[in-house]
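Asks: After the structure tokens below, expect a handful of questions from me.
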Amino acid sequence: MSLKPQALPSLLGYTADDLTKLLKEEHGQPAYRVKQALEWIYQHRADSVDEMLNLPAALRTTLKENFRLSPVEFVRVQGSEDTTRKYLFKLHDGRYVETVLIPASPALYGEKSDRHTACVSSQVGCAYGCKFCASGLDGFTRNLTADEIVGQLMAVEKQAGRKINNIVFMGMGEPLANFKNLNKALDIITGHWGLNIGARHITISTSGLAPMIKKLADRPQQIRLAISLHGATNDTRDKIMPVNSKWQIEELFDALHYYKSKSKKRITFEYILIKGINDDLEQATILAKRAKSLGALVNLIPYNTVEGLEWVRPSEDHCYKFRDIVRNHGVTTTLRIEKGHDIDAACGQLRLKQETADGKIESK
Ligand code: SAH
Ligand code: SF4
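Quick note: the sequence shown uses full-length UniProt numbering, first residue 1, plus one each step.
This is the structure in structure tokens:
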């Protein structure tokens, strides 16, 4: 099948304002047509413009000639119902993107188990090159567009036949390095005319792009923030996260205090425990103090082995010790110890091998 790099733009990247501009200003349509089109796109989830029967035939023809609906093509799913499922989608330029669907585990989060979280990718690859992370291993390919971000969610809902309740931007890529497209996608996801998912159900995870954290804080709706901290001091973070040389912990925390001044929502620190790298118990004490200064929650995650990297997780015993130190400082702390290698499907473990397997795209 031939690839179409110049594919038509997708309507899934259109906000209510964009569509108003398109239909009213460019095509002279009355305002109610905008509402009808939005309903077809985001509520009825039309697969084709042909379904939009209450739009005039001439408008349907124009839309069909100039736009498509979903920008992502479902390729396959791994995992089964009630477990974590990983969806692979193909993009118009032959790239691939993965989205993970996670059923809530009441044991972990105390949530009802019928709630599902989608872990969304924001880029193909990642330029930030954290030394422990699969997503950064092959470098950065490109940003996802707003429609590709929204398209992942809509396609997962279609494939799974259920609504997504929570969204975490913890898939492949650094969402805050793709701020413009992320921002538009957030408008569509939260818009009452769009996917209508409340901002409190959305979490952006970042490795620490301080200026962008401030920009996110300035959004009118308060999106939740998770920081991939993984080290409580500059020395430790410097060893594993190149981003720390750009924005050191002090600058990062400045931005976090700014975020806190704007948002009532508590920040979460993600902290992977890697044996001999960042699991020193002294780090636990400093981490606890830093979390306290912000009223942040701490999420400890034993390292998941990544093919091609030698690092391993500490013993369970050590993980509990680390957790207890943080907890004893009065910080709400969770420690997720996953069983077996279900991890392949976990967020933060996304690495695309498909492109080279296809033989269509040169390996970089
Ligand atoms: N770039 C953003 C969003 C990706 S989130 C960020 O870094 O926050 C992906 C999460 O999975 C991050 O917290 C990341 O640190 C974590 N992660 C990456 N590799 C992992 C591994 N091998 N084991 C466990 N968590 C990992
Ligand atoms: Fe990129 Fe986040 Fe992985 Fe770091 S942890 S390489 S920022 S995806």
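Every residue, glycine too, gets a C-beta built ideally from N, C-alpha and C.
None of the values given here were measured: they were computed from a predicted structure.
Taking 7 Å as the cut-off, does the CB of C130 come closer than this to any heavy atom belonging to ligand 2?
Replies: Yes, ligand 2 has a heavy atom inside 7 Å of this Cβ.
Asks: Going by DSSP, name the residue or residues bridged to F89.
Replies: F74, V97, per the DSSP bridge assignment.
Asks: At what residue ranges does the region 184-226 contain a whole run of the alpha helix (DSSP H), taking only runs of 4 or more?
Replies: Entirely contained in the region 184-226, the alpha helix (DSSP H) runs reaching 4 residues are, in chain order, 210-217.
Asks: Compare the C-alpha of N196 against each of A31, E39, P9, Q248 and name the closest.
Replies: Taking only the C-alpha atoms, the option nearest N196 is E39.
Asks: Is the closest heavy atom of ligand 2 to the C-beta of G139 under 7 Å?
Replies: Because no heavy atom of ligand 2 lies under 7 Å away, the Cβ of G139 does not count as near it: no.
Asks: Using 8 Å for Cβ pairs, my map puts C119 next to T99. What's the rounded Cβ distance?
Replies: Their Cβ separation, rounded to whole angstroms, is 7 Å, which keeps C119 and T99 in contact under 8 Å.
Asks: Does the distance from the C-beta atom of Y258 to that of A296 stay below 8 Å?
Replies: No. Outside cutoff.
Asks: Of all the beta strand (DSSP E) runs that stay within the bounds of the region 260-309, which reach a length of 3 or more residues?
Replies: Segments of the beta strand (DSSP E) lying fully in the region 260-309: 268-273, 297-302.
Asks: Is it the case that the CB of G308 approaches a heavy atom of ligand 2 more closely than 7 Å?
Replies: Outside the cutoff, so no.
Asks: How is the beta strand (DSSP E) around V156 delimited, first residue to last?
Replies: Unbroken run through V156 is the alpha helix (DSSP H), 146-160; no beta strand (DSSP E).
Asks: State the CB to CB distance for the pair M172 and V243, rounded to an integer number of angstroms; the pair is presumed to be in contact (CB under 8 Å).
Replies: The Cβ separation is near 16 Å, so there is no contact.
Asks: My output table needs one value for G28: the three-state DSSP class, helix, strand or coil.
Replies: The answer is coil: DSSP assigns G28 none of H, G, I, E or B.
Asks: For H257, does the three-state DSSP call read helix, strand or coil?
Replies: If DSSP states are grouped into helix, strand and coil, H257 belongs with the helices.
Asks: With distances taken from CA atoms, which of G151, V298, H230 is nearest I325?
Replies: Of the candidates G151, V298, H230, the one whose C-alpha sits nearest the C-alpha of I325 is V298.
Asks: Rounding to the nearest angstrom, what Cα-Cα distance links P9 and I202 in this structure?
Replies: C-alpha separation (whole angstroms): 26 Å.
Asks: Could you check what DSSP says for G13 in three-state terms: helix, strand or coil?
Replies: Three-state DSSP puts G13 in a helix.
Asks: Give me the residue from L55, L182, E26, C130 with the minimum Cα distance to S228.
Replies: Minimum Cα distance to S228 is reached at C130.
Asks: Closer than 8 Å is the cut-off here; do at least three beta carbon pairs connect the region 59-72 with the region 40-50?
Replies: Taking 8 Å as the limit for Cβ pairs, the verdict is that the region 40-50 does touch the region 59-72.
Asks: Please report the distance separating the alpha-carbon of E250 from that of A288.
Replies: Going by the C-alpha atoms only, they are around 16 Å apart.
Asks: Tell me which residues share the same chain as H341 and place their Cβ nearer than 6 Å to its Cβ, disregarding the 5 neighbours each side in the sequence.
Replies: Reliability of the predicted coordinates at H341 is poor, the pLDDT of 44 falling under 50, and the value obtained from them is presented with this limitation in mind. Here the set comprises nothing.
Asks: What is the C-beta distance between I274 and Y320, in whole angstroms, given that I count them as a contact (C-beta under 8 Å)?
Replies: Wrong, their Cβ atoms sit about 16 Å apart, outside the cutoff.
Asks: Quick one: what's got a C-beta closer than 7 Å to K163's C-beta in the same chain, skipping five residues either side?
Replies: Cβ neighbours of K163 beyond the five flanking positions: E157.
Asks: In whole angstroms, what is the alpha-carbon distance linking Q152 and Y96?
Replies: Straight-line Cα distance between these residues: approximately 11 Å.
Asks: Spell out a yes or no on whether the region 13-21 and the region 184-196 are touching, meaning 3 or more CB-CB pairs, one atom from each, closer than 8 Å.
Replies: Touching, yes, given that three or more Cβ pairs across the two stretches are closer than 8 Å.
Asks: I want to check one thing, is the minimum distance from the CB of S70 to the heavy atoms of ligand 2 below 7 Å?
Replies: Outside the cutoff, so no.
Asks: Would DSSP call N54 helix, strand or coil?
Replies: N54 falls in the coil class under three-state DSSP.
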